[in-house]
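Notes for the one structure printed next.
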Amino acid sequence: MNNCKDRNLTLDLTYLSAKVKLRESVTVKICLTSPPHRIDGNVTMVLQWKVDETMSECRDYLRWEPKQLYFSIDYFHQHQTMVVTRMKDGSKTILNPIINGGGYDKVPIYSYRLLFQ
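Under our numbering, think of the first position of the sequence shown as 28, with each following residue one higher.
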């Protein structure tokens, strides 16, 4: 059972907001400030992103790669790179993190939403 309430579990992101023109990209660097905790023998945190459909005009304005990032106790502090590309012209798009594992699934996602205009 995951009862972790460690307030030091946070994400470090180079951008929380960026303006991206059509067919251009922005690179977001992401790392963890603390190592994932061992929970049920697992020390890996998996990070994915999903378009916030309640706050975004369209789901397919952006493309991002890779679709998921993995952080372990050994390399949590090393920045990983996600490239976000605008595929269609439009208004803002918000990406919400989907965080699983290492105690990070208890971290409030609203602090790490990404806004692209």
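No residue lacks a Cβ here, since even glycine has one placed at the ideal position from N, Cα and C.
Here the structure is a predicted model, which is why all the values come from computation and not from measurement.
Reduced DSSP secondary structure (H/G/I, E/B, other) of residue i
i, result
"I100", "coil"
"N29", "A caution first: N29 carries a pLDDT of 47, below 50, which makes its placement in the model unreliable, though a value can still be read off. N29: coil per DSSP, three-state reduction."
"Y137", "helix"
Residue(s) in a DSSP beta bridge with residue i
i, result
"S44", "L142"
"D132", "Paired residues: none, contrary to the question."
"L3", "Residue coverage of the chain in this structure runs from 28 to 144, which leaves residue 3 outside it and unanswerable."
Closest by C-alpha distance to residue i, when choosing among the options
i, options, result
"F143", "T60, E92, T71, V53", "V53"
"L59", "I100, E80, L89, W76", "I100"
"D116", "F103, L38, K46", "K46"
"R140", "I57, D132, N123", "N123"
"Q107", "L43, V55, M82, P63", "V55"
"E51", "V110, Y102, G130", "V110"
Restricting to runs no shorter than 3 residues, where is the beta strand (DSSP E) found entirely within the region 47 to 129? 52 to 59, 71 to 78, 89 to 92, 95 to 99, 107 to 113, 120 to 127
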